[in-house]
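Final position of the sequence shown in my numbering is 225; the numbers increase by one with none missing. Report on one structure; see the data block that follows.
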Amino acid sequence: GMMHLIMAFSYWITLHNICELGMIWCSNLGAAGLTAGVWIMFRMDVLPEHGGSFPAEIGGPFVASITLGMMYGHTVNQTMIDVARGIAAFIILMHVTLCFRLYSVAK
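Below, the structure written as structure tokens:
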């Protein structure tokens with residue numbers, strides 16, 4: 119339960135820092151720190167033999183921070199927007215794989 123709360127806060131702080139305050143580097147640092155905290159919580163809760171070795175799909179907030187930084191950065195062009203949209207679609211796939219991982223862990 120706490121893992122999801124911290125992950126949701128990480129998404130919120132990412133959006134708040136970039137979209138409302140324009141602080142891209144603060145967003146990157148906040149998302150990196152909170153993502154590391156979620157990784158540590160997941161690693162402490164789930165044993166490696168039960169699917170808890172390296173949950174890369176939990177890194178969604180940090181990837182979202184990089185994606186939003188590309189979209190709202192100083193020098194934005196159409197190629198960066200297209201790449202950022204592709205990465206945003208990848209973040210959705212990360213959430214789907216996280217759901218499957220948590221389902222397999224819960225079995």
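We put the CB at the ideal spot given by N, CA and C, even for glycine.
Nearest to residue i (by Cα), restricted to the options the options
i    : options                   : result
S183 : I124, L139, V214 and N146 : N146
M159 : D200, I176 and L133       : I176
A174 : I124, T193 and R219       : R219
I131 : G148, G119, W143 and L123 : G148
N135 : L186, N195 and H192       : L186
I209 : M120, G119 and Y129       : Y129
Separation of residue j from residue i, as counted between CA atoms
i    : j    : result
K225 : V164 : 12 Å
R161 : F172 : 8 Å
M125 : C217 : 14 Å
M121 : M141 : 25 Å
V201 : L123 : 29 Å
Proximity below 8 Å, CB of residue i to CB of residue j
i    : j    : result
H71  : G178 : Not covered by the structure: residue 71. The range shown for the chain is 119 to 225.
F127 : A150 : no
Y190 : C137 : yes
Residue span of the alpha helix (DSSP H) that contains residue i, given as start and end
i    : result
C217 : Q196 to A224
S183 : G178 to Y190
M141 : Taken as a continuous stretch (DSSP letters only), M141 belongs to no alpha helix (DSSP H), as it is neither H nor E.
T132 : M120 to L133
Three-pair Cβ contact test at 8 Å for the segment 151-161 versus the segment 205-212:
Result no; under three Cβ-Cβ pairs closer than 8 Å.
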